[in-house]
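Enquirer: Taking the working numbering, the leading residue of the sequence shown gets 6, the next gets one more, and so forth.
Backbone N, C-alpha and C define an ideal beta-carbon position, used for all residues, glycine too.
Okay, here's the structure, questions in a sec.
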Amino acid sequence: MTGTYLLDYGAGNVRSLVNAVKKLGHDITYVKDPSDILKADKLIFPGVGAFGSAMTSLHTKKYAEPLKQYLAQNKPFMGICVGMQTLFEGSDENPDVPGLGVIPGRVRLFESTTKAVPHMGWNTTRSIQGPQRAQDCGLEQDRAYYFVHSFAVLFNEGSTEAKEWTLTTTQYGDQVFISSVRRGNIFCTQFHPEKSGFAGVNVLKAFLDGSAANGAQADVDLIAQQHTIPGSLSVLAPTTVPNPSKDEFTKRIVACLDVRANDQGDLVVTKGDQYDVREQIEGGGSGDVRNLGKPVELARRYFEEGADEITFLNITSFRNCPLLDMPMLEVLRRTSETVFVPLTIGGGIKDVVDPDGKFHPALEVAGEYFRNGADKVSIGSDAVYAAEKYYALGGRGDGTSAIETIAHAYGSQAVVISVDPKKVYVDSPADAPTHHVIEPLQPGPNGEKYCWYQCTVSGGREGRDLDVRQLVVACQALGAGEILLNSMDQDGMKQGYDMVLVQDVRDAVRIPVIASSGAGSAQHFVDVFEKTGVEAALAAGIFHRREVPLEEVKGTLRQNGIRIRNIDA
Ligand code: 1PR
6 MTGTYLLDYG AGNVRSLVNA VKKLGHDITY VKDPSDILKA DKLIFPGVGA FGSAMTSLHT
66 KKYAEPLKQY LAQNKPFMGI CVGMQTLFEG SDENPDVPGL GVIPGRVRLF ESTTKAVPHM
126 GWNTTRSIQG PQRAQDCGLE QDRAYYFVHS FAVLFNEGST EAKEWTLTTT QYGDQVFISS
186 VRRGNIFCTQ FHPEKSGFAG VNVLKAFLDG SAANGAQADV DLIAQQHTIP GSLSVLAPTT
246 VPNPSKDEFT KRIVACLDVR ANDQGDLVVT KGDQYDVREQ IEGGGSGDVR NLGKPVELAR
306 RYFEEGADEI TFLNITSFRN CPLLDMPMLE VLRRTSETVF VPLTIGGGIK DVVDPDGKFH
366 PALEVAGEYF RNGADKVSIG SDAVYAAEKY YALGGRGDGT SAIETIAHAY GSQAVVISVD
426 PKKVYVDSPA DAPTHHVIEP LQPGPNGEKY CWYQCTVSGG REGRDLDVRQ LVVACQALGA
486 GEILLNSMDQ DGMKQGYDMV LVQDVRDAVR IPVIASSGAG SAQHFVDVFE KTGVEAALAA
546 GIFHRREVPL EEVKGTLRQN GIRIRNIDA
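In structure tokens:
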């Protein structure tokens, strides 16, 4: 059968991509056999995870040779993220694994002394081949696209030929990398169009409608002649291309939906104050679980209002088995039909045993979520246990934790650590000699001048002998890609983020940090970005109750000179 094919090797969430293609009115067929590749009229290759495992999968499944032939025939091809990187000669991520070698150049690790790595979030692109060619591919200069990667092809390092392939560049910190390539009908993006809101959907549309091929005739013949590296093509780009990029990486606003079954058994979005999600009886409430809406509908609302990411936390999943917890899978499946920004799911990402005694490793649990539309999983309690083990082993992992196994299979960028800390006040650092003690902005209830932040498990129900700094350092070493930093003290209080805690964690790791808990006004977002430098800020209650709309948050940030993604339409 001809038509559009998807080259999927099972490494991550392709559901959103398939949904976006279908939304645009196109059918898409999964490549099941190497011979399918040459049958395709259009081929999309959304790579996720590590470069080495992507290449290994291409070889194991015998896709590599037909893929090279397909590319040599200059048939319409769209590579996404690692799907683009595999076209290069190799990657420092797995130095011994050669790439397909279609484009000269090597994929490098971002430098992380002055910026968080992965490059995770929204950034703009600048055209190298002139605005018209970028527009033909649906790319617009003033719109931001969603990137998530630690490795990239650096533009300035690129050979003349690599520069000729370059359609756009993007700047992250002081590094400029190739964010899309195009020659003939071959078009690839380092960013994820299927996660880039309506701006990204336009890029997919251009590819599917064929407008990405406009004006490409000039290089068609050359591609057809080449099996591997096409020769010089100076019509496309001069060798001394001025670098038009500037760092337009934006801060992210994350809408969080705490989900659980209420007393009637319906799955609802709830929200606690300091993690208590029931109506307060002493305040005249019923004692029921607070019901702030339905998860799928609320997620869609936040996407349309401009949320840069959506996080679902299944807050009671420690009680039951997530593999049987089909409602959350259904929530993800339905959300990914209409929401085209990254989706994170947390709660119950750990090894589980079914009631019939069947064991499911955390990797399998996470895989189920990725297949159903999640881009990242967030690990809470299990991360605390993994960190404890890390220190018990003298500062190393043994390869078996959920963090390690999921990061290995799906990449670090897919592993978020959700931290649920609680302040423990002490009079002096000597009172907590094994912990990282800091001075809070306000003294404790008995005038204590110091505190440490204790990690908790099971939704804050149990405190452990581990502080937040110990946790985040260990989790980063084990392979986590991002920290979602809650605060049990600030949660739902609307008094602003815990700046001391946020700053301390931001300083302790090089992976991105999401500040969470306590947002009560748009100014709180300004404060946390300006004062701590975190990459993202999350809120729940104020969005659910429509007290502070997303639009107001973004408008205030923009007025304060903080780069933020424009609300998409
Ligand atoms: O331990 O891996 O099963 O994960 C459980 C997950 O559920 C963790 O991510 C944990 O944070 C979350 N969780 C468990 N119990 C609760 C609860 O509230 N009773 N929610 C809970 C955590 C905090 C944030 C909240 C922010 C912002 N809620 O999710 O959205 O504090 O709120 P605000 O803007 O209204 O202040 P595991």
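Taking 8 Å as the threshold (C-beta atoms), are Leu506 and Pro426 in contact?
Expert: Yes, the Cβ-Cβ distance between Pro426 and Leu506 is below 8 Å.
Enquirer: In the DSSP assignment, find the unbroken alpha helix (DSSP H) run with Ala414 in it and report its ends.
Expert: Segment Ala407 to Tyr415, the alpha helix (DSSP H) holding Ala414.
Enquirer: When DSSP labels each residue in this structure, what does Ile547 get in the three-state scheme?
Expert: The answer is helix: DSSP assigns Ile547 an H, G or I state.
Enquirer: Go ahead and label Leu22 buried or exposed: buried means 16 or more other beta carbons lie within 10 angstroms of its beta carbon, across all protein chains shown.
Expert: So Leu22 ends up on the buried side.
Enquirer: Could you name each continuous alpha helix (DSSP H) segment of 4 residues or more that falls completely within the stretch 431 to 464, going from the start of the chain to the end?
Expert: You should have found no qualifying run.
Enquirer: Going by DSSP, what residues sit across from Val533 in a beta bridge?
Expert: DSSP output for Val533 lists no bridge partner at all.
Enquirer: Tell me which residues share the same chain as Glu409 and place their Cβ nearer than 6 Å to its Cβ, disregarding the 5 neighbours each side in the sequence.
Expert: Closer than 6 Å at the Cβ level, and outside the excluded window around Glu409, lie Gly402, Leu483 and Gly484.
Enquirer: Determine the closest residue to Glu162 out of Leu114, Leu12 and Glu98, with distance taken between C-alpha atoms.
Expert: Of the candidates Leu114, Leu12 and Glu98, the one whose C-alpha sits nearest the C-alpha of Glu162 is Leu114.
Enquirer: Could you tell me whether the Cβ atoms of Arg511 and Thr255 are closer together than 8 Å?
Expert: No, the pair does not count as a contact, with Cβ atoms beyond the cut-off.
Enquirer: Spatial neighbours of Pro103 within its chain, please: C-beta separation below 6 Å, excluding the five flanking residues on both sides.
Expert: If we look at Pro103 and ignore the five residues flanking it on each side, its Cβ neighbours are Gly95.
Enquirer: Quick check on Thr119: buried or exposed, where buried means 16 or more other Cβ atoms within 10 Å of its Cβ?
Expert: Per the 10 Å Cβ criterion, exposed.
Enquirer: Around the C-beta of Ala435, are 16 or more other C-beta atoms found within 10 angstroms, so that it is buried, or is it exposed?
Expert: Ala435 is exposed by the Cβ-count criterion.
Enquirer: How many angstroms separate the CA atom of Asn18 from the CA atom of Glu373?
Expert: Answer to the nearest angstrom: the Cα atoms are 10 Å apart.
Enquirer: Within the continuous alpha helix (DSSP H) that includes Asn207, where are the two ends?
Expert: Run containing Asn207: Gly202 to Asp214, per the alpha helix (DSSP H) assignment.
Enquirer: DSSP state of Gln176, grouped into three classes?
Expert: It is a strand residue.
Enquirer: Assuming the contact rule is C-beta atoms closer than 8 Å, Arg469 and Cys460 should be a hit. Round their C-beta distance to whole Å, please.
Expert: Right, the Cβ-Cβ distance comes to about 5 Å (below 8 Å), so this counts as a contact.
Enquirer: Smallest Cα separation from Arg187: which of Gly465, Met83, Leu337 and Gly277?
Expert: Cα-wise, what sits closest to Arg187 is Met83.
Enquirer: Report the residue from Glu284, Leu471, Ile443 and Ser341 whose alpha carbon sits nearest the alpha carbon of Ser386.
Expert: Taking only the C-alpha atoms, the option nearest Ser386 is Leu471.
Enquirer: DSSP three-state label for Asp141, please.
Expert: Three-state DSSP puts Asp141 in a helix.
Enquirer: How far does the alpha helix (DSSP H) with Thr343 in it extend, from its first residue to its last?
Expert: Note, Thr343: alpha helix (DSSP H), Met331 to Thr343.
Enquirer: Do Asn491 and the ligand 1PR come close, with the Cβ less than 7 Å from some heavy atom?
Expert: Indeed, a heavy atom of the ligand 1PR lies less than 7 Å from the Cβ.
Enquirer: Spell out the partners DSSP gives Asn319 in its beta bridges.
Expert: According to DSSP, which records beta bridges pairwise, Asn319 is partnered with Val264.
Enquirer: On the DSSP bridge list, what partners appear for Trp576?
Expert: With the chain covering 6 to 574 only, the question about residue 576 has no answer from this structure.
Enquirer: Hey, Gly352 and Val421 are a contact pair by Cβ (cut 8 Å); roughly how many whole angstroms apart?
Expert: That belief does not hold up - the Cβ atoms of Gly352 and Val421 are roughly 12 Å apart, past 8 Å.
Enquirer: Could you check the C-alpha separation between Ala242 and Phe160 for me, to the nearest Å?
Expert: Here the model assigns Ala242 a pLDDT of 42, short of 50, so the residue's position is not dependable, and the following value carries that caveat. Going from the Cα of Ala242 to the Cα of Phe160 covers about 13 Å.
Enquirer: Less than 7 Å between the CB of Ala2 and some heavy atom of the ligand 1PR, yes or no?
Expert: For residue 2 there is no data in the structure shown, the boundaries of the chain being 6 and 574.
Enquirer: Where does His64 sit, in a helix, a strand or coil, going by DSSP?
Expert: Residue state, collapsed to three classes: helix.
Enquirer: For Arg265, which residues in the same chain have their Cβ closer than 8 Å to its Cβ, ignoring the five residues on either side in sequence?
Expert: Leu272, Val273, Thr275, Val282, Val294, Asn319, Ile320 and Thr321, listed in sequence order.
Enquirer: Of the residues Leu29, Gly30, Asp46 and Lys27, which one's Cα is nearest the Cα of Tyr10?
Expert: The option with the nearest alpha carbon to Tyr10 is Asp46.
Enquirer: Tell me the DSSP secondary structure of Glu284 in three-state form.
Expert: The answer is coil: DSSP assigns Glu284 none of H, G, I, E or B.
Enquirer: Exposed or buried, what is Glu535 when buried is set at 16 or more other beta-carbons lying within 10 Å of its beta-carbon?
Expert: Exposed.
Enquirer: If we ignore side chains and look at the alpha-carbon of each, how far apart do Val53 and Gly290 end up?
Expert: Their Cα atoms are separated by approximately 47 Å.
Enquirer: Just list the beta strand (DSSP E) runs in the stretch 27 to 80, keeping only unbroken ones of 3 residues or longer that don't cross its boundaries, in chain order.
Expert: The stretch 27 to 80 contains these whole beta strand (DSSP E) runs: 47 to 52.
Enquirer: Within the chosen definition, does the stretch 293 to 308 reach the stretch 548 to 567 through at least 3 CB pairs nearer than 8 Å?
Expert: Yes, the stretch 293 to 308 is in contact with the stretch 548 to 567.
Enquirer: Okay, do the stretch 141 to 155 and the stretch 200 to 209 touch, 3+ Cβ pairs below 8 Å being the bar?
Expert: Touching, yes, given that three or more Cβ pairs across the two stretches are closer than 8 Å.
Enquirer: Check whether the Cβ atoms of Val158 and Ala167 sit closer than 8 Å, and answer yes or no.
Expert: Yes. Within cutoff.
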